[in-house]
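Down below is the structure, laid out as structure tokens.
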Amino acid sequence: MGGDSNSKECTANGEVNAMPVSHRTYQVVVAATQDMGIGKDGNLPWRLPGDLKLFKDITMNTSDSNKKNAVIMGRKTWESIPPKFRPLSGRLNVVLTRSGNSDIAAGADNVILCGSVSSALKLLGEPPYGSSIEKVFLIGGGQILRETLNAEDCDAIHITEIRSHFECDTFIPLIDTSLYQPWYSSFPIEENGINYCFATYVRLKNRKPVECVRDINSNGNSSSHSIKPKLSDFSLLPKIIFEKHEEFHYLRLVQDILSNGNKKDDRTGTGTLSKFGCQMRFNLRKSFPLLTTKRVFWRGVVEELLWFISGSTNAKILQEKGIHIWDGNASREYLDSIALTDREEGDLGPVYGFQWRHFGARYTNMHADYTGQGFDQLLDVINKIKNKPDDRRIILSAWNPSDLKLMALPPCHMFSQFYVADGELSCQMYQRSADMGLGVPFNIASYALLTCMLAHVCDLVPGGFVHVIGDAHVYRTHISPLQDQLKKLPRPFPILKINPQKKEIDSFVAADFELRNYEPHQKIEMKMAV
Numbered sequence: 001m002g003g004d005s006n007s008k009e010c011t012a013n014g015e016v017n018a019m020p021v022s023h024r025t026y027q028v029v030v031a032a033t034q035d036m037g038i039g040k041d042g043n044l045p046w047r048l049p050g051d052l053k054l055f056k057d058i059t060m061n062t063s064d065s066n067k068k069n070a071v072i073m074g075r076k077t078w079e080s081i082p083p084k085f086r087p088l089s090g091r092l093n094v095v096l097t098r099s100g101n102s103d104i105a106a107g108a109d110n111v112i113l114c115g116s117v118s119s120a121l122k123l124l125g126e127p128p129y130g131s132s133i134e135k136v137f138l139i140g141g142g143q144i145l146r147e148t149l150n151a152e153d154c155d156a157i158h159i160t161e162i163r164s165h166f167e168c169d170t171f172i173p174l175i176d177t178s179l180y181q182p183w184y185s186s187f188p189i190e191e192n193g194i195n196y197c198f199a200t201y202v203r204l205k206n207r208k209p210v211e212c213v214r215d216i217n218s219n220g221n222s223s224s225h226s227i228k229p230k231l232s233d234f235s236l237l238p239k240i241i242f243e244k245h246e247e248f249h250y251l252r253l254v255q256d257i258l259s260n261g262n263k264k265d266d267r268t269g270t271g272t273l274s275k276f277g278c279q280m281r282f283n284l285r286k287s288f289p290l291l292t293t294k295r296v297f298w299r300g301v302v303e304e305l306l307w308f309i310s311g312s313t314n315a316k317i318l319q320e321k322g323i324h325i326w327d328g329n330a331s332r333e334y335l336d337s338i339a340l341t342d343r344e345e346g347d348l349g350p351v352y353g354f355q356w357r358h359f360g361a362r363y364t365n366m367h368a369d370y371t372g373q374g375f376d377q378l379l380d381v382i383n384k385i386k387n388k389p390d391d392r393r394i395i396l397s398a399w400n401p402s403d404l405k406l407m408a409l410p411p412c413h414m415f416s417q418f419y420v421a422d423g424e425l426s427c428q429m430y431q432r433s434a435d436m437g438l439g440v441p442f443n444i445a446s447y448a449l450l451t452c453m454l455a456h457v458c459d460l461v462p463g464g465f466v467h468v469i470g471d472a473h474v475y476r477t478h479i480s481p482l483q484d485q486l487k488k489l490p491r492p493f494p495i496l497k498i499n500p501q502k503k504e505i506d507s508f509v510a511a512d513f514e515l516r517n518y519e520p521h522q523k524i525e526m527k528m529a530v
């Protein structure tokens with residue numbers, strides 16, 4: 001960028017002085033095609049009212065009603081705005097021009113001129129702007145964005161991703177995903193025959209573009225041979241974007257149950273607060289919904305799902321791997337309490353994995369070989385996804401009424417349906433009973449992972465996960481820990497990478513799943529109600 005080699009600062013009339021001052025950071029707001037085209041002949045090639053509305057909402061709204069935001073733009077971007085709409089109302093318009101052309105701002109309020117992004121940021125940090133400007137947004141044009149999109153001062157990128165094809169002659173760089181992580185991504189939208197979506201990426205402070213090698217270690221955390229990024233203050237995002245983080249679906253549901261839930265007794269004798277008929281949605285296209293307001297036992301999620309997929313009903317297999325989530329329901333004391341006195345300790349009966357892989361087979365014990373017995377629902381799901389993607393019967397059910405009396409615990413997450421559209425695989429799961437404190441964070445991750453695995457083996461990409469809950473409850477013993485969790489603010493969801501060499505559902509091992517940039521708050525202890 002020119003006009004800044006001597007750390008000079010511009011003033012409101014476009015002149016400069018040499019006073020060294022600290023400067024602000026900024027956020028980029030842009031619309032771009034998949035190959036990062038942003039314009040044609042100096043104009044936007046598309047007309048999207050939804051994009052214009054979000055642009056206005058992001059750049060105009062402030063948390064302090066006494067402040068306004070600043071928008072920085074190049075001269076050509078300024079000139080591309082229809083005269084009746086410039087300057088952009090309710091915002092300080094900072095126009096970059098090396099010529100110092102005062103005609104740009106003639107007779108206009110809320111317009112100042114500067115020679116470069118750097119000098120503009122310095123100016124906005126000084127009186128009177130330092131105390132009157134809340135956030136700074138950089139909105140174009142091409143040359144400015146090419147220099148600033150992945151720069152260190154860029155805290156976030158709000159991008160409208162245009163999926164339809166448009167001819168462009170102005171392009172910007174790809175977002176450097178070694179520096180930025182998704183915060184929010186909308187589900188696909190169609191408007192005026194144009195397919196697009198919104199996404200926000202946040203910068204991981206001090207992140208260096210290095211290769212990240214992670215594995216799952218013995219304590220269930222992801223280990224890394226790269227330097228961990230310093231977490232940014234994500235509350236710097238516009239409120240309208242900050243609150244779109246999908247973890248808020250979970251947090252708001254928990255808060256609603258705590259505030260308005262019905263007091264109920266339950267099988268365990270613990271007592272619950274409960275609501276009936278709830279739903280959460282998670283977008284799997286850019287990130288993976290592993291909750292961040294507490295640490296979720298990722299290795300346990302992976303190993304349990306692989307155990308389901310194997311068809312096993314032997315809790316000792318998980319115990320040997322340090323996974324103890326089924327210990328309570330597999331204990332001698334518990335099995336005797338539900339009249340399964342002849343059942344070997346650790347034998348859970350025909351639970352999830354058995355129903356997925358051997359539905360209808362006669363269950364004897366956890367050691368028997370059930371190869372070829374019953375109906376393999378999981379392979380049927382894969383076959384339909386591949387060969388009958390429009391089928392409305394792509395179903396995986398763990399609920400088998402004739403076997404319920406043989407199970408240590410009847411299925412809670414009992415029924416899922418898969419849906420294929422536009423090369424994407426989505427899943428809707430129905431859960432009859434949901435322990436919001438301990439179980440649901442695990443359940444969200446487990447079915448999101450199953451959807452990603454099925455998409456992977458069927459050469460699709462993950463779409464969305466819809467979680468439908470019958471009885472959503474908080475055990476009374478979990479109220480205090482959940483109140484502590486509600487005080488935490490979400491952080492970016494991690495990124496999931498699956499070994500590209502594995503293409504068979506039965507071939508996966510835990511090491512085939514790489515979880516990148518999972519930086520949650522600390523673990524919160526809650527005791528399981530049995």
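Heads up: the sequence shown at position 386 corresponds to 386 in UniProt numbering, and the numbers run straight through without jumps. Beta carbons: idealized from backbone N, C-alpha and C, even for Gly.
Just so you know, the alpha carbons of Phe359 and Leu406 end up roughly 14 Å apart.
Of the candidates Ala472, Phe442, Thr341, the residue whose Cα lies closest to the Cα of Asn260 is Ala472.
Taking a C-beta distance under 8 Å as the contact criterion, Gly311 and Arg343 do not qualify as a contact pair. The three-state reading of DSSP puts Phe359 in strand, counting E and B together. It is roughly 18 Å from the alpha-carbon of Ala434 to the alpha-carbon of Leu305.
Counting of Cβ neighbours within 10 angstroms places Pro238 among the buried residues, the total reaching 16 or more. Here His413 carries a strand assignment [DSSP, helix/strand/coil]. For the pair Asp390 and Glu147, the Cα-to-Cα distance works out to about 45 Å.
In chain order, Ser274 place their CB closer than 6 Å to the CB of Asn262, counting only its own chain and leaving out the 5 sequence neighbours on each side. Residue burial annotation: Pro411 is buried, with at least 16 other C-beta atoms found within 10 angstroms of its C-beta.
In this structure, Phe442 places its C-beta atom within 8 Å of the C-beta atom of Val301. Taking a contact to require three or more Cβ pairs closer than 8 Å, the segment 453-463 and the segment 420-427 qualify as touching. By the neighbour-count definition (other C-beta atoms within 10 Å, threshold 16), Ala108 is an exposed residue. The DSSP assignment places complete beta strand (DSSP E) segments of no fewer than 3 residues inside the segment 387-445 at 395-397, 413-421, 424-435, in order along the chain. Cβ atoms of Val29 and Ile139 come within 8 Å of each other, at about 5 Å.
Note: Ala199 is bridge-paired with Ile159, Ser185 in the DSSP secondary-structure output.
The beta carbons of Asn314 and Gly346 sit closer together than 8 Å. If you draw a straight line from the Cα of Glu190 to the Cα of Tyr196, it comes to about 6 Å. The continuous beta strand (DSSP E) containing His473 extends over residues 461-475. Here Ala70 has Leu92, Val94, Leu124, Ile133, Val136 as same chain residues with Cβ atoms under 6 Å from its own Cβ, once five neighbours each way along the sequence are excluded. In this structure Ile394 does not touch Phe375 by the C-beta definition: roughly 14 Å separates them, more than the 8 Å allowed. Under the DSSP assignment, Phe55 falls in the alpha helix (DSSP H) whose first and last residues are 49-60. With contacts defined as CB atoms closer than 8 Å, Gln355 and Asn400 qualify as a contacting pair. Under the criterion of beta carbons closer than 8 Å, Leu318 and Glu303 qualify as touching, at roughly 6 Å. At least 8 Å separates the beta-carbon of Pro83 from that of Arg295. Three or more pairs of CB atoms, one per stretch, sit closer than 8 Å, so the segment 484-494 contacts the segment 177-184.
Gly130 and Ser164 have their C-alpha atoms spaced approximately 40 Å apart. Classified as buried, Gly439 has 16 or more neighbouring CB atoms from the shown chains inside 10 Å of its CB. A Cβ-Cβ separation of about 20 Å leaves Cys154 out of contact with Gly39 under the 8 Å criterion.
For Ser312, no beta strand (DSSP E) run applies, since DSSP gives it neither H nor E. Collapsing the DSSP output to three states places Arg146 in a helix. Take the alpha-carbon of Phe55 and the one of Phe198: they are about 10 Å apart. In the DSSP annotation of this structure, the continuous segment of the beta strand (DSSP E) that includes Ala70 starts and ends at 68-74. Setting aside the 5 residues that flank it on each side, Met73 is surrounded in the same chain by Asn93, Val94, Val95, Leu96, Leu138, Ile139, Gly140, Gly141, Ile144, each with a C-beta closer than 8 Å to its C-beta; the list follows chain order.
Between Gly42 and Ser80, the beta carbon gap of about 6 Å places them in contact (Cβ cut-off 8 Å). In the DSSP assignment, Arg516 forms a beta bridge with Ile495.
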